[in-house]
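Asker:
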Amino acid sequence: MAKIASSGEWREEELITPTTTTTTTTVAAAADASATTAVARRGRTVQVKDWRVLVGNGLELSCRTFDAGESPELGGGYLAAPRTHCLFVHGLGLCKEVMEGCVHSFLLQRPWFRGACTTFDLRGHGASDREILSEAGGNWWKYSADILLILRLLERDGWEVAGVGHSMGSALLLGCKVLGFNFSHLTLFEPIMFPFPPVINTNAPPALVAAKRVASFPSYEAVMTSYSQKKPFNLWNQSILRKYILASFHTTPPYPTIDGDSVGSGPISDIDSLSPSSAPTPPSAISLGPTHGSQLSLADWSETPVYIALPPPVEADLFVHGAYTGIFGLLEPDTESSITLVGGETSFWPSTLGKFVATKLQLKVHLLKGLSHFAPMEDP
Numbered sequence: 014m015a016k017i018a019s020s021g022e023w024r025e026e027e028l029i030t031p032t033t034t035t036t037t038t039t040v041a042a043a044a045d046a047s048a049t050t051a052v053a054r055r056g057r058t059v060q061v062k063d064w065r066v067l068v069g070n071g072l073e074l075s076c077r078t079f080d081a082g083e084s085p086e087l088g089g090g091y092l093a094a095p096r097t098h099c100l101f102v103h104g105l106g107l108c109k110e111v112m113e114g115c116v117h118s119f120l121l122q123r124p125w126f127r128g129a130c131t132t133f134d135l136r137g138h139g140a141s142d143r144e145i146l147s148e149a150g151g152n153w154w155k156y157s158a159d160i161l162l163i164l165r166l167l168e169r170d171g172w173e174v175a176g177v178g179h180s181m182g183s184a185l186l187l188g189c190k191v192l193g194f195n196f197s198h199l200t201l202f203e204p205i206m207f208p209f210p211p212v213i214n215t216n217a218p219p220a221l222v223a224a225k226r227v228a229s230f231p232s233y234e235a236v237m238t239s240y241s242q243k244k245p246f247n248l249w250n251q252s253i254l255r256k257y258i259l260a261s262f263h264t265t266p267p268y269p270t271i272d273g274d275s276v277g278s279g280p281i282s283d284i285d286s287l288s289p290s291s292a293p294t295p296p297s298a299i300s301l302g303p304t305h306g307s308q309l310s311l312a313d314w315s316e317t318p319v320y321i322a323l324p325p326p327v328e329a330d331l332f333v334h335g336a337y338t339g340i341f342g343l344l345e346p347d348t349e350s351s352i353t354l355v356g357g358e359t360s361f362w363p364s365t366l367g368k369f370v371a372t373k374l375q376l377k378v379h380l381l382k383g384l385s386h387f388a389p390m391e392d393p
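As structure tokens, this is what we get:
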């Protein structure tokens, strides 16, 4: 059972939808089958708390909860039924901050909602702990196992739990469903899964791209300048891009240096032996030390060298294992209408993997006009 490792104080936060000119149809709106357009609302105040959950062997995940109810107390039973708790799960290589735009939009469009929303960093991402380098990356089932522990923690305290996922995050939520968790609803944006037997694909195009990713920059400002000029980041909401950079780049290397250079490239690791029927145990972890941009001086922003939290070889290894999970073959038709499947109109997914996923679940894909695979970052 997961345990709360540490918890900050509750603070009030005013929610504001990130400004965008892309489209009026949002990812958050897709969670409501009756919604056709987003209604931007500003000024709603909720309680926010940062906390860390211990999922095994000292590995802690960084979480952030937005509570729209009254007098929340994280842990010890503040999770009072019958309120709904929405767990938002980010995609591969990203962080919890990129889903916060969707959280804000979800809460602003639903002033009647008195539940809570939580985002968190997958292991090795953002402010969560990292595995030892030899065990990093690999099979996706261990990430679903982490999520399942958080879900059981929420369920134990009386919540009905809904899930909202993006890309890998959507696939991991389906993995939790396969492992037996009963969601009240799932809103899945382009779950990445493959309609063939599990396979290790060392030539997966995203893996080859990830392996060449630049692992360090002279400053946060240099990352912002670089990313804002290249796809897919140049299509992102600039506020979300800035949050992603501050959360996903740190002022110390993610792993010990080798010959004076931070770990940023290297061979892809061997396959591990996890399977859906096993009970994955998180390995030992390296605690994350540095702060990551909540309060930066101008000098910190423009002069301090930074390093990406998820090293390129680890990210590449995760892409290599994307077709190995076998989740697709374990899915069953959604006969209870408990899943909403969403895709971007300009994305590769609806006409490729999405067709197979939709057929397997016996669902239609709700397309978001003018948006790509990274819709939650483009127009939340």
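In this note's numbering, each residue's number is its place in the sequence shown (first place is 1) plus 13.
For each residue, glycine too, the CB sits at the ideal point set by N, CA and C.
1) Among 342, 375 and 71, which residue has its Cα nearest to the Cα of residue 212?
2) Rounded to whole angstroms, what's the CA-CA distance from residue 252 to residue 119? Just pull it up for me.
3) Helix, strand or coil for residue 369 per DSSP?
4) Give me whichever residues DSSP pairs with residue 63 in a beta bridge.
5) If we define contact as Cβ-Cβ less than 7 Å, is residue 158 a contact residue for chain D?
6) Compare the beta carbon distance of residue 367 and residue 356 with 7 Å and say whether it is the shorter of the two.
7) Going by DSSP, what residues sit across from residue 320 in a beta bridge?
8) When you compare the CB positions of residue 386 and residue 173, do they come within less than 7 Å of one another, or not?
9) Quick check: residue 110 and residue 257, are their CB atoms within less than 7 Å of each other?
10) Closer than 8 Å is the cut-off here; do at least three beta carbon pairs connect the stretch 174 to 191 with the stretch 149 to 158?
11) Roughly how many angstroms separate the alpha carbons of residue 175 and residue 18, rounded to a whole number?
12) Buried or exposed: residue 193, going by 16 or more other Cβ atoms within 10 Å of its Cβ?
13) If we count the other Cβ atoms within 10 Å of its Cβ and call it buried at 16 or more, is residue 42 buried or exposed?
14) Indicate whether the contact test is met: 3 or more Cβ pairs, each with one atom in the stretch 224 to 236 and one in the stretch 323 to 332, closer than 8 Å.
15) Please report the distance separating the alpha-carbon of residue 121 from that of residue 214.
16) Going by C-alpha to C-alpha distance, which of 263, 206 and 337 sits closest to residue 374?
17) What number of angstroms, rounded off, separates the C-alpha of residue 337 from the C-alpha of residue 322?
18) In its own chain, which residues sit with a C-beta less than 6 Å from the C-beta of residue 27, not counting the 5 before and 5 after it?
19) If distances are taken between C-alpha atoms only, which option among 229, 317, 236 and 117 comes closest to residue 393?
20) Touch check for the stretch 243 to 251 and the stretch 340 to 354: three-plus C-beta pairs under 8 Å?
21) Report the residue from 62, 333, 372 and 236 whose alpha carbon sits nearest the alpha carbon of residue 261.
22) Between residue 146 and residue 268, which are expected to be in contact by the criterion C-beta below 8 Å, what is the C-beta distance as a whole number of angstroms?
23) Which class does residue 29 belong to by DSSP, given the choice of helix, strand or coil?
24) In whole angstroms, what is the alpha-carbon distance linking residue 319 and residue 138?
25) Just to confirm the assignment, what range does the alpha helix (DSSP H) spanning residue 352 have?
26) Tell me whether residue 250 is buried or exposed, calling it buried when 16 or more other Cβ atoms sit within 10 Å of its Cβ.
Answerer: Based on what the coordinates show:
1) The residue given as residue 212 occupies position 199 in the sequence shown. Of the candidates 342, 375 and 71, the one whose C-alpha sits nearest the C-alpha of residue 212 is 342.
2) Numbered from its first residue, the sequence shown carries residue 252 at position 239. Numbered from its first residue, the sequence shown carries residue 119 at position 106. About 17 Å.
3) In the sequence shown, the residue the question calls residue 369 occupies position 356. Helix, per DSSP.
4) Position 50 of the sequence shown, counted from the start, is the residue given in the question as residue 63. Note: residue 63 sits in a beta bridge opposite 77.
5) The chain labelled as chain D is not found in the depicted structure, where only one protein chain is given.
6) Counting from 1 along the sequence shown, the entry for residue 367 is found at position 354. Counting from 1 along the sequence shown, the entry for residue 356 is found at position 343. Yes, these two residues count as a Cβ contact at 7 Å.
7) For this step, residue 320 is matched to residue 307 along the sequence shown. DSSP, once it has assigned bridges, lists 229 and 263 as partnering residue 320.
8) Taking the sequence shown and counting its residues from 1, the one referred to as residue 386 is at position 373. Taking the sequence shown and counting its residues from 1, the one referred to as residue 173 is at position 160. Taking C-beta atoms as the reference points, residue 386 and residue 173 fail to come closer than 7 Å.
9) Position 97 of the sequence shown, counted from the first residue, corresponds to residue 110. Position 244 of the sequence shown, counted from the first residue, corresponds to residue 257. Going by C-beta atoms, residue 110 is nearer than 7 Å to residue 257.
10) yes
11) Residue 175 sits at position 162 when you count from the first residue of the sequence shown. Residue 18 sits at position 5 when you count from the first residue of the sequence shown. Those two C-alpha atoms are separated by around 23 Å.
12) As a working note, residue 193 is residue 180 in the sequence shown. The residue is exposed, with fewer than 16 neighbouring Cβ atoms inside 10 Å.
13) Mapped onto the sequence shown, residue 42 falls at position 29. Low confidence applies here, because residue 42 scores a pLDDT of 41, under 50, leaving its location unreliable; read the following figure in that light. Per the 10 Å Cβ criterion, buried.
14) yes
15) Within the sequence shown, numbered from 1, the residue matching residue 121 stands at position 108. Within the sequence shown, numbered from 1, the residue matching residue 214 stands at position 201. Going from the Cα of residue 121 to the Cα of residue 214 covers about 41 Å.
16) The residue given as residue 374 occupies position 361 in the sequence shown. The shortest Cα separation from residue 374 among 263, 206 and 337 belongs to 206.
17) As a first step, residue 337 must be located in the sequence shown, where it is residue number 324. As a first step, residue 322 must be located in the sequence shown, where it is residue number 309. So the two alpha carbons sit approximately 24 Å from each other.
18) One-based indexing of the sequence shown puts residue 27 at position 14. The beta carbon of residue 27 sits closer than 6 Å to those of 58, all from its chain and outside the five residues before and after it, given in chain order.
19) Counting from 1 along the sequence shown, the entry for residue 393 is found at position 380. The option with the nearest alpha carbon to residue 393 is 117.
20) As far as the Cβ criterion goes, the stretch 243 to 251 does not touch the stretch 340 to 354, which means the pair count is below three.
21) By one-based count along the sequence shown, residue 261 stands at place 248. Looking at the Cα atoms, 236 is the closest of the given residues.
22) To locate residue 146, count along the sequence shown from 1; it is residue 133. To locate residue 268, count along the sequence shown from 1; it is residue 255. The C-beta distance from residue 146 to residue 268 rounds to 5 Å, short enough to meet the 8 Å contact threshold.
23) Counting from 1 along the sequence shown, the entry for residue 29 is found at position 16. The answer is coil: DSSP assigns residue 29 none of H, G, I, E or B.
24) For the purposes of this step, residue 319 is taken as residue 306 along the sequence shown, with counting starting at 1. For the purposes of this step, residue 138 is taken as residue 125 along the sequence shown, with counting starting at 1. Each residue's alpha carbon lies about 15 Å from the other.
25) Indexing the sequence shown from 1 puts residue 352 at position 339. That residue, residue 352, is in no alpha helix (DSSP H); its beta strand (DSSP E) goes 352 to 357.
26) Within the sequence shown, the letter at position 237 stands for residue 250. Buried is the label assigned to residue 250, since at least 16 other Cβ atoms lie within 10 Å of its Cβ.
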